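>
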Amino acid sequence: MSRFLLKRLGLALITLVLVSIGVFAVAEVLPGDVGRTILGPYAPQSSVVSLDHQLGVDQPFPVRYWNWISGFVRGDWGTSYLLNTSVRPMVVERLKNSLFLGAFALLLIVPLSIGLGVLAALRYGKAVDRLITITGLSVIALPEFVAGVILVVVFAVQLGWFPSASSVPSANPVDWFRQLLLPAIPLMLVLFGYVSRMARAGTVTVLESNYVRTAVLKGLPRPVVIWRHVLRNSLLPTITVVAAQIGYLVGGLIVIETLFTYPGIGLLMYDSARGHDLPMLEATVLVIAIIYMISNLTADVIIAMLNPRVRLAA
Amino acid sequence: MSVAAPATHAVDIEQLTISYRRRRRLLRVIDDVSLQIRPGEAYGLVGESGCGKTTVAMALMRYLPSNAVVEGGRIIFDGKDLLTLSDSALRRLRGNRMAMVYQDPGSALNPSMRIGNQIAEVFRYHRGMGKQEAEEASAGMLEKVQISDPAGVLQRYPHELSGGQQQRIMFAMALATDPALLVLDEPTTGLDATVEAEVLDLVEQLRAQFSSSILFISHNLGIVSRICERVGVLYAGRMIEEGPAREIFAQPRHPYTLGLLRCVPTFGMNKQTQRLDPIPGSLPALGTHPPGCNYADRCPIARDRCRAEPPPLLEVNAQRSSRCFYHEEVPSIPPSPAATAEPLPPPSDEVLLRIDDLIKTYHSGGHDVSAVAGISLEVRRGEVFGLVGESGSGKSSLAKVIVGLTNATNGSMTFENTPLSEAGHHRNVTLRRKLQMVFQNPDSALNPSYSVRHILQQALRLLAGLKSHSELETRTVELVRSVKLEPRHLDARPTGLSGGQKQRVSIGRAFAGTPALVLCDEPVSALDVSVQAAILNLLVDLQKTGVSYIFISHDLAVVRYIADWIGVMYLGWLVEVGPAEAVFNVPHHPYTESLLSAAATLESNGHHPRIRLKGTIPSPSNPPSGCRFHTRCPLYLGDICRLKEPPWHTAPAGNKYRCHIPPDELQAAELRLRETSTDQPA
Amino acid sequence: MTVESPDPALKAVPATVLSTVVSAQSSRRARMRELGRALLRSKTFMIGMVILLFWIFDAIFWPLFVPHDPLGLDPINTLKGPSSVHWFGTDDFGRDMFSRVLAGASTVLTVAPAATALGLVGGISLGLVTGYYRGLVDDILMRVVDALLAFPLIIIALLVLTVLGPSELNVIIVIGIVFTPLIARTVRSAVLVEREREYVAAAKLLGEPGPSIMVKEILPNVVGPITVEATIRLGYAIFAAATLSFLGLGLQQPSPDWGLTIALGRPLLQVAPWIVLFPALALATLVIGLNFVADGLKQAIEE
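Protein chains in written order, with this note's numbering: chain A, 1 to 314; chain B, 1 to 682; chain C, 1 to 303.
1) Pull up the CB-CB distance for residue 284(C) and residue 146(A), whole angstroms please, since I reckon it's below 8 Å.
2) If you measure between the beta carbons of residue 178(C) and residue 155(C), is that distance less than 8 Å?
3) CB residue 355(B) to CB residue 373(B), shorter than 8 Å?
4) Specify, as a first and last residue, the run of the alpha helix (DSSP H) that residue 686(B) falls within.
5) Does any CB atom of chain A fall closer than 8 Å to the CB of residue 283(C)?
6) Sort 299(C), 70(C), 281(C), 189(C) by Cα distance to residue 255(C) and report the nearest one.
7) Determine which residues share a DSSP beta bridge with residue 100(B) and list them.
8) Along chain A, which residues have their Cβ under 9 Å away from the Cβ of residue 179(C)?
9) How about residue 45(B) and residue 30(B): do their beta carbons lie closer than 8 Å?
10) Between the region 250 to 268 of chain A and chain C, which residues of the former have CB atoms less than 8 Å from a CB of the latter, in chain order?
11) Is the beta carbon of residue 148(B) less than 8 Å from the beta carbon of residue 120(B)?
12) Verify the CB distance criterion: does residue 265(B) have a CB-CB separation below 8 Å to chain C?
13) Kindly say whether residue 88(A), judged by its beta-carbon, lies nearer than 8 Å to any beta-carbon of chain C.
14) Beta-carbon separation of residue 16(A) and residue 289(A) under 8 Å?
15) Only counting the same chain, and skipping five residues up and downstream in sequence, which positions put a Cβ closer than 6 Å to that of residue 249(C)?
16) Below 8 Å on the Cβ atoms is my guess for residue 292(A) versus residue 224(A); work out the distance and round it to an integer in Å.
17) At a CB-CB cut-off below 7 Å, which residues of chain C make contact with residue 145(A)?
18) On the DSSP bridge assignment, give the partners of residue 81(B) in chain order.
19) Let me make sure I understand the geometry here. Which of 176(B), 171(B), 182(B) has the alpha-carbon closest to that of residue 134(B)?
20) List the residues of chain C whose Cβ lies closer than 9 Å to the Cβ of residue 301(A), in chain order.
21) So the candidates are 85(C), 229(C), 75(C), 66(C); which of them puts its Cα closest to the Cα of residue 350(C)?
22) Starting from residue 166(B), follow the alpha helix (DSSP H) in both directions and report where the run begins and ends.
23) Quick one: what's residue 361(B) bridged to in DSSP?
24) Ends of the beta strand (DSSP E) at residue 178(A)?
25) What is the DSSP secondary structure of residue 304(C), counted as helix, strand or coil?
26) Cα separation between residue 59(A) and residue 275(A)?
27) What residue does the beta strand (DSSP E) around residue 649(B) start on, and which one ends it?
28) Can you tell me whether residue 214(C) is helix, strand or coil according to DSSP?
29) With a 10 Å radius around its C-beta and 16 neighbouring C-beta atoms as the bar for buried, classify residue 86(C) as buried or exposed.
30) Between the alpha carbons of residue 296(C) and residue 246(C), how many angstroms are there, rounded?
31) Since residue 388(B) sits in a beta bridge, which residues does DSSP pair it with?
32) Flag residue 292(C) as yes if its beta-carbon sits less than 8 Å from any beta-carbon of chain A, otherwise no.
33) Measure from the alpha carbon of residue 234(B) to the alpha carbon of each residue in 202(B), 268(B), 294(B), 247(B), then state which is nearest.
34) For residue 22(C), which residues in the same chain have their Cβ closer than 6 Å to its Cβ, ignoring the five residues on either side in sequence?
35) For the alpha helix (DSSP H) that residue 151(B) lies in, which residues bound it at each end?
36) Go ahead and label residue 397(B) buried or exposed: buried means 16 or more other beta carbons lie within 10 angstroms of its beta carbon, across all protein chains shown.
Shown next, in the form of structure tokens:
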């Protein structure tokens, strides 16, 4: 088991390094001279050059990369060009907000999606199944901003039940719903599409299997067959999907946070990309990548724990 | 609604008729089938694929798919009609009063649940036992099905056990409640021959301990005649003959039964003396109902009456019935004229293929799998070399190396006295056309996207080097005729052909370049018995071109029929090699002896002592030291077998074998073994 | 009398029985007809197809029936709500929203199929080669792809487009390149299954060279899964293209592109919600329609 984990961890680390190089390369290739961007179009060239030198952007690529990555690992994530404040606290703060929103969406929708997906499989071919499947199909590739926009128009503008721009909620749970529900719904829709489809497919496959036939022919009561024989095996692929979706969520948040001007990491990344704020941009992308790797790793671990074949072999 | 049933029957199926709904059409699968099973009796239901026997089993358990329509009939069990029973009543019966064991035990067990829990479930839900009690009862059942280390097995997961062990567990679960009816649906299909024989032994032993009636479904007539008292033969959904098993197989009273029996190669049959007698034609398509007897098209004694009027089940005697107007004529039906064999030219002395100390080791998941561990053999021109072995023996790997699909790890091969370079893409065209292969699975051996014409022409172009359009056309027609197909088949795609027809195309493809050696890897294992015979006849006929075969099979009777020379493989080793007749007689390698014994168990008139092997076949990634067979050998001597690799001995009849026991001692030992083993009468 | 097993969900599928229903016709034309009939029977497919065809027709022929010029400025009638003259209202430049919505279909239906095609070309080649040859390259490539797999397209696109600058062509390229490994993975899985089949071994035995086997033997048999994947990808391409426009990384003013229109209309949400609502609805119907088509195809092919 531990060998399996170590292998996965090693792979994740290698990928992270690759991603960091990639991010750094892309960010550094952004058009425009850094010094010029900061000082503006009217500053004299000499000031631009000296600022560049001060910031160290005139050094060769590997040197700059090394400086950056070693600083990052130590906890020094640099200073924002645009906001002139230390990068790390801001990224961490925004990350917390995003995680809160993401967790909110996940907790609301995942149990529901799994339940409905399994229900659809159990009532395969019937009206309930068609309804659930079609709903899933309809929402699965609905761009988040489309759903978000429609929701805002209907519920915030016309009905006024929710604010059209969300801020971080207070400790009051009612406020959580008030601020977070609208932005969360588009996320929940996509999640529902994926998770319910996976739960359904996994359950259908298992229902057709020989060992479910054995369980039924043993005369076991139906709830027992469903719980002990069907669900145990069909939820495995669903869990992969859920854990993988956590990583996806973080990306999907860009659009939602932009639409609702919610102060999360996605919005931060967007702003820093447009503003060519390199340290901020690099840090946010790397942090998102890390979160993403962690969620995938967690999925792998959970699967290994639940699947005796993998667990005993590793 | 309870129906008073005759107290003499455990199960009474009355005029059962079932159809499947497919796209608005009803396809009849079972037509007016009736049978009765007495308490404690074993009733065999036999037939080829598509005859409906599995549907009968499913109907009994009321586990039919949603598109099944029961158009008529009743199933009386425990005084009630199963077909009208309520859900809860049905659940009380299943696993309790009636149970089922079917094929592929690996997939029939929940992979994420421990064995102990899976067995205990039965006790907890049907006998109301608590956790501790159920666990003890489960351990007890494991002992009854002869699983060693029951306590350990209870804690394991299904994938940790072998096929034979998994099947025993299925039996343990099924018999836990001493059910009145046990349905066995092809319980040994897919298992190795030795394992198959063990499972059948188990069935016989369990019958002594439990009082269940058995419905035994199989396509293998030999097994059924061994285990069952009565048998019913199904053809295209209808019961065409029924009666005491021994009588029916000794003296069939329906042309189909006779045909089935005649087309199976039994021990003693040989291609030089006899051709197999296949049944001409094919099954009527599902859902078609010829007005008269559904066998008339293929029947040697069919008359106009047969085609016009459907025959009822006529009484042959008090215990037998047959669905044939002319059943009295059946015993005197002569074998078809084509069944007399033409003598084949004997194999020459010229060595075509020589293999020297061939080794093939796979690397998979960090382990080294020793698939072929030093094999040397010779195949002569015009000879059929039969290669026999069970799973893990390495025969498929050997085939792949010979034919060039994979490299050998070490060792050498020569073909027609020139060294054979290992990999296929290094070989030249001449070599490729001389050394070809026929594959096991006809469904996957032909590209489903292309027509037969394309497939054959591809082969002709690449192997025979034909280029001109007219030449290709003529040769294609010749080729398709040489495998007994018609030119109209050329336009069909593989999905439109039957298994036998597909295999003929496969053979045609291999023969496109007039090969010198064709490797046949289990070419008939996936086919029905009646089709098998036709394909074997075809292969024998094609031998007239002077071609040699390496014929790989797990079916000893088939190998004995067609092979001139035989090699026996076990766990990557060649343990015996020699002339076919010599190999099958004592003295020979103990493993060969056990294979023979297992095969005979599966034969209706095999009269052979039952020699059991200990343990299960080891994994090729961790082969035993010294003699690879020593962990299971009934003649195990001691440390010498464990530590030292055995030498080759030559027996008087000409067969060579690897063992530490020299021939004369071996002869005595094996004869002793036969005497002391329990004799299985026919 | 139809007697069903007590639990309709817990069934045996009688594969052995039904497989003996050998299809009498096996020619390609017959199979295509069979497929067509199955598709026509599927309600989801038909609904989706209707929607899709409507938008495709609109994307091509909108100049013929659009009531007003989508780019036509009308400073007097800015921010008017839906009326009989302007069915979807006007935007802050007085442009007719209905016309803009109709015209906007063409941008998304140009970008998305182009990007998908690009992805298909790359993905099929890559998938065939890695699936057939395997080996070290395959191992490394697939591990990397797996790890990066659903790393959100948006993030990658954001980075790249900020570098390259927003334009229609760049959006196509970015989406196409990101799709390539995803499509390759699906193709590879299908190829892995096929290459174990004995007809591939038989082809090797005949001496067919590797590339020929990949393209002539294996490819025809993986067309099914590829088609399903292509339709699904097309849906994602539409999604991605619209989102990128929304983020300002795609087409620029004064294009009637839906994503762009929504982004621009967002500040005016309180005042003129119709600017944002109607393009959103249009996009929603297009995506839903495409997904229905994809699902219908998947069901029909699997039979």
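Cβ atoms here follow ideal geometry from the backbone N, Cα and C, with glycine treated the same way.
Note that the structure is a prediction, hence the values are computed from the model and not measured.
With the given structure in hand:
1) 5 Å
2) no
3) no
4) This structure cannot settle anything about residue 686(B), because the visible part of chain B is limited to 1 through 682.
5) yes
6) 70(C)
7) 183(B)
8) Residues of chain A passing the Cβ test: none, with the nearest at roughly 14 Å.
9) no
10) 250, 251, 252, 254, 255, 258, 259
11) no
12) no
13) no
14) yes
15) 161, 166
16) Contact doesn't hold; Cβ gap of about 39 Å is too wide.
17) 243, 246, 262
18) 76(B)
19) 176(B)
20) Near residue 301(A) there are no residues of chain C at all, since even the closest Cβ is about 15 Å away, more than 9 Å.
21) Since the first and last residues shown for chain C are 1 and 303, residue 350(C) lies out of range.
22) 163 to 175
23) 370(B)
24) Not the beta strand (DSSP E): residue 178(A) falls in the alpha helix (DSSP H), residues 173 to 207.
25) Outside the shown range of chain C, which is 1 to 303, sits residue 304(C), and nothing can be said about it.
26) 22 Å
27) 648 to 650
28) helix
29) buried
30) 30 Å
31) 553(B), 568(B)
32) yes
33) 294(B)
34) Here residue 22(C) scores only 38 on pLDDT, less than 50, and its place in the model should not be relied on; the value that follows carries that caveat. The answer is none, since no qualifying residue turns up.
35) 150 to 154
36) buried
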